[in-house]
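> Residue numbers (this note's numbering), protein chains in the order written: chain H, 33 to 401; chain G, -19 to 180. All residues carry an ideal CB built from backbone N, CA and C; glycine is no exception.
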Amino acid sequence: MNTEKNIKKIIIKKPLTLDCGKTINNYPLAYETYGKLNEKKDNAILAFHALSGDQFVSGINPITNKSGWWSHLVGPNKSIDTNKFFVICANVIGGCMGSYGPSYIEPSTSKRLDTNFPVITINDMVNAQYNLLEFFKIDKLFCVTGGSMGGMQVLQFVANYPNKSKTAVPIACSASHSAQNIALNELGRQAIMADQNWNKGNYFNTNSSPDKGLAVARMAAHITYLSKKGLEEKFGRKLQERDNLKFSFDADFQIESYLRHQGSAFVDRFDANSYLYITRAMDYFDLIKQYNGNLSNAFKESKTKFFIISFTSDWLYPTSENKEIVIALNSSGSDVGFIEINSDKGHDSFLLDVPDFLKSVKNFVEANY
Amino acid sequence: MKKEFKIIAQLIENNTRVLDVGCGDGILMKYLKDNKNIDTRGLEISKKNVQVCIGKGLAVIEGNAEKDLQQFPNLSFDYVILSQTLQAFYNPEKVINDLLRVANKAIVTIPNFGYWKVRSHLLFKGTMPITKNLPDEWYNTPNLHMCTIKDFFNFCSKKRIKLYKSIALHEQKTSNINKMNLNLKNLSSELGIFLIENEN
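(1) Find out if the Cβ-Cβ distance for the pair Ile87(G), Gln67(G) is shorter than 8 Å.
(2) Going along chain H, which residues have a C-beta under 7 Å from Gly37(G)?
(3) Distance cutoff 8 Å, beta carbons only. Does Asn239(H) sit that close to anything in chain G?
(4) Anything in chain G within Cβ reach of Ser306(H), meaning under 7 Å, just list it in chain order.
(5) Distance check for Ser334(H) and Lys172(H), CA to CA, integer angstroms please.
(6) Can you name the start and end residues of the alpha helix (DSSP H) that Tyr132(H) belongs to?
(7) With DSSP as the reference, please indicate the residues paired to Lys85(G) in a beta bridge.
(8) Can you find the residues in the same chain that come closer than 7 Å, C-beta to C-beta, to Gly233(H), ignoring five residues on each side of it along the sequence?
(9) From the DSSP output, which residues share a beta bridge with Asp113(H)?
(10) Gln51(G) and Asn324(H) - do their beta-carbons sit closer together than 8 Å?
(11) Between Val368(H) and chain G, is any beta-carbon pair separated by less than 8 Å?
(12) Quick one: list the residues of chain H neighbouring Phe135(G), beta-carbon separation under 9 Å, in chain order.
(13) For Ala297(H), tell me which candidate among Gly130(H), Ile77(H) and Leu246(H) has the shortest Cα-Cα distance.
(14) Which residues does DSSP pair with Tyr59(H) in a beta bridge?
(15) By DSSP, does Arg(-3)(G) sit in helix, in strand, or in coil?
(16) Within this structure, are the beta carbons of Ile173(G) and Ile(-12)(G) separated by less than 8 Å?
(17) Would you tell me roughly how many angstroms separate the C-alpha atoms of Asn354(H) and Lys27(G), rounded to the nearest one?
(18) So which of Val176(H), Lys198(H) and Lys377(H) has the shortest CA-CA distance to Phe189(H)?
(19) Closest Cβ-Cβ distance between Ser26(G) and chain H: below 8 Å?
(20) Is the shortest distance between the beta-carbon of Glu42(G) and the beta-carbons of chain H less than 8 Å?
(21) Label Leu171(G) either buried or exposed according to how many other C-beta atoms from any shown protein chain fall within 10 Å of its C-beta, with 16 as the threshold for buried.
(22) Using the beta-carbon of each residue, which ones in chain G are nearer than 7 Å to Ser352(H)?
(23) Looking at C-beta atoms only, is the number of pairs between the segment 386 to 400 of chain H and the segment 29 to 43 of chain G that lie closer than 8 Å three or more?
(24) Got a sec? Which residues, its chain only, sit under 7 Å from Ser131(H) by beta carbon, not counting five neighbours each side?
(25) Which whole-angstrom value is the C-beta distance of Leu271(H) and Phe285(H), which I expect to be below 8 Å?
(26) Would you please verify whether the beta carbon of Ile34(G) is less than 8 Å from any beta carbon of chain H?
(27) Can you give me, in chain order, the residues of the segment 43 to 77 of chain G that have a beta carbon less than 7 Å from any beta carbon in chain H?
(28) Could you check if Ile77(H) is buried or exposed, using at least 16 other CB atoms within 10 Å of its CB as the buried criterion?
(29) Following the continuous alpha helix (DSSP H) through Cys136(G), name the residue where it begins and the one where it ends.
(30) My understanding is that Tyr257(H) touches Gly182(H), with C-beta atoms under 8 Å, so please give their C-beta distance in whole angstroms.
(31) Are the C-beta atoms of Phe189(H) and some chain G residue less than 8 Å apart?
(32) Go ahead and pull the three-state DSSP assignment for Val393(H).
(33) What does the alpha-carbon distance come out to for the pair Ile110(G) and Asn44(G)?
(34) Touching or not, the segment 213 to 224 of chain H and the segment 300 to 318 of chain H, by the rule of three or more beta carbon pairs under 8 Å?
(35) Compare the C-beta of Val(-2)(G) against all C-beta atoms of chain H and say whether one is closer than 8 Å.
(36) Can you give me the Cβ contacts of Met96(H) inside the same chain, cut-off strictly under 7 Å, excluding the 5 residues immediately before and after it?
Put into structure tokens, the structure is as follows:
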């Protein structure tokens, strides 16, 4: 899956004790950077990717040959202008783009870890990525940002390292994964595990991977990233390359064909076990519980300036959940701005060309740099 | 910056914490931040204005005072500002109580419905008044609870709210309002600016 030569990695020697109790060391963290770190080292932005993302934020992803997941927002002359800022992004641990995850080959056994990989958390992901500051000798970041699971990492980062970033922009996220979101993730995991090819996670040597299960998981998840109105406008009941219904279970409708394509394209670039581990990490995320029921305690020590963004049609991480973070920040007297962007594009809005969103981020970073 | 904001700025001590409710495009907040070293926060209902404020580096939250003031802890600010919006709330009394919960002192300004031009408009034209401070027609105005300087004055004494300062504004000129000149100021002023405080 990986074209290793295109992937930059650091090997982290410092031991990290995971939330599950296990300690790891000498593990790889794959990363990519955009722009240049200036002499004062005050222009660095750490971007955190979402469930299906990777370290290739902008430009062309050398592995998939597609645009980076945040190329609308990040790049030369974009909202986060890489002529000015130094953007760092790492593949999360648990991921499948070169960082320590289920597809990591254990040197002592020369075998993939697969389900021997420990169950990790958002907290573990953030603590692993914190090592990047040391690697680049950055004392304080200018900004930490990310959407969805990336936004959760932003919240965890500021809670763990209260004064290591001047600003923080969590987007379309939540401080505590909801029952609905856990349910949807469980649906995806069960689809993978119900695929016979999953083989209890040991599919690598069998030459048949759980592609169908992973594709179904992706299809179900993809629906949750869109909105009813967005689907209606883009697809409606339009038929796929035919004039009449075929009275079969082929993809008669464009939306069916679209979802099938999303599913099959995903299995080419994503590892099924990674999908299980990362969704589990999201489900375990509950920053409110970590701070004994009072989210504002998570930010009490921090002077970081926050800007929270949500989207009107996002029903996966709705405005109400984003506002809970705003309320907690206000209770702790933090410096916080908040805007809900009008968009019909659902949760996916943070990845798309939504001009008001792109402008908001630009306004914030420019005004605070 | 308009005269009303200059008067408000003079009422606020340097190096304090201020919440501007309905901060608009943030002109007053920015002035307070840059010139008086004030730690400012804003609450604003219009997305467009929130965008503008964020672009000025101001900490502004999109929200509605009637729903979103409750998220601020008791006495988390030294001052809270409410400029010409009291009349647009469903429940102005509740908003005033909330203002005096989140801050020690509140600065409230009201377009005066007792101003002689407003009165004469209704008296002689027989239609709902339209003036510089009340530019909308009856059918599209956001104003629900218009009041006069005298109404607000009486409200404060009835509700045991201490009127620290009452200022009348008319054509860039300011004067103090007191019990003696209340009827006159109520007739001659376009705007009332009040610095209020809980008596208890």
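According to the structure shown:
(1) Here Ile87(G) is not near Gln67(G), since their CB atoms are 8 Å or more apart.
(2) Correct list: Ala399 and Asn400.
(3) Output row for Asn239(H): interface = no.
(4) Within 7 Å Cβ-Cβ: nothing; Ser306(H) doesn't reach chain G, min ~36 Å.
(5) Roughly 13 Å separates the two Cα atoms.
(6) It is not in any alpha helix (DSSP H) - Tyr132(H) carries neither H nor E in the DSSP assignment.
(7) Its beta-bridge partners are Tyr59(G) and Glu177(G).
(8) Taken in chain order, the residues that qualify are Asp146, Thr147 and Asn305.
(9) Under DSSP, Asp113(H) shares a beta bridge with Gly107(H).
(10) Not in contact: Asn324(H) and Gln51(G) (Cβ atoms no closer than 8 Å).
(11) Closer than 8 Å to the CB of Val368(H) there is at least one CB belonging to chain G.
(12) Within 9 Å Cβ-Cβ: nothing; Phe135(G) doesn't reach chain H, min ~28 Å.
(13) Measuring from the Cα of Ala297(H), the nearest candidate turns out to be Leu246(H).
(14) Tyr59(H) is bridged to Ile44(H).
(15) DSSP places Arg(-3)(G) in strand when its eight states are reduced to three.
(16) Taking a C-beta distance under 8 Å as the contact criterion, Ile173(G) and Ile(-12)(G) qualify as a contact pair.
(17) Computed Cα separation, rounded: 16 Å.
(18) Of the listed residues, the one whose Cα sits closest to Phe189(H) is Val176(H).
(19) Ser26(G) does not count as touching chain H.
(20) Yes, Glu42(G) lies at the interface with chain H (some Cβ there is under 8 Å from its Cβ).
(21) Its Cβ being crowded by 16 or more others within 10 Å, Leu171(G) is buried.
(22) Near Ser352(H) there are no residues of chain G at all, since even the closest Cβ is about 12 Å away, more than 7 Å.
(23) Yes: at least three Cβ pairs fall under 8 Å.
(24) Counting only Cβ-Cβ distances below 7 Å, and skipping sequence neighbours, we find Pro60, Leu61, Ala62, Ala122, Asn123, Val124 and Ile125.
(25) Yes, they are in contact, since the Cβ atoms of Leu271(H) and Phe285(H) sit about 6 Å apart, within 8 Å.
(26) Yes, Ile34(G) lies at the interface with chain H (some Cβ there is under 8 Å from its Cβ).
(27) Of all residues in the segment 43 to 77 of chain G, Gln51, Phe52, Pro53 and Ser56 have a Cβ within less than 7 Å of some Cβ in chain H.
(28) Within a 10 Å sphere around the beta-carbon of Ile77(H) sit 16 or more other beta-carbons, which makes this residue buried.
(29) Looking at the DSSP string, the run of the alpha helix (DSSP H) that includes Cys136(G) is Ile129 to Lys138.
(30) Rounded, the Cβ-Cβ distance is 14 Å, inconsistent with contact.
(31) For Phe189(H), no Cβ of chain G is located within less than 8 Å of the residue's own Cβ.
(32) The three-state reading of DSSP puts Val393(H) in helix, counting H, G and I together.
(33) If I take the Cα positions, the gap works out to 26 Å.
(34) A contact between stretches requires three or more CB pairs, one per stretch, nearer than 8 Å, and the segment 213 to 224 of chain H meets this requirement with the segment 300 to 318 of chain H.
(35) No, Val(-2)(G) does not count as interfacial toward chain H.
(36) Per the sequence shown, the amino acid found at residue 96(H) is Thr instead of Met. Excluding positions up to five away in sequence, the list reads Arg301.
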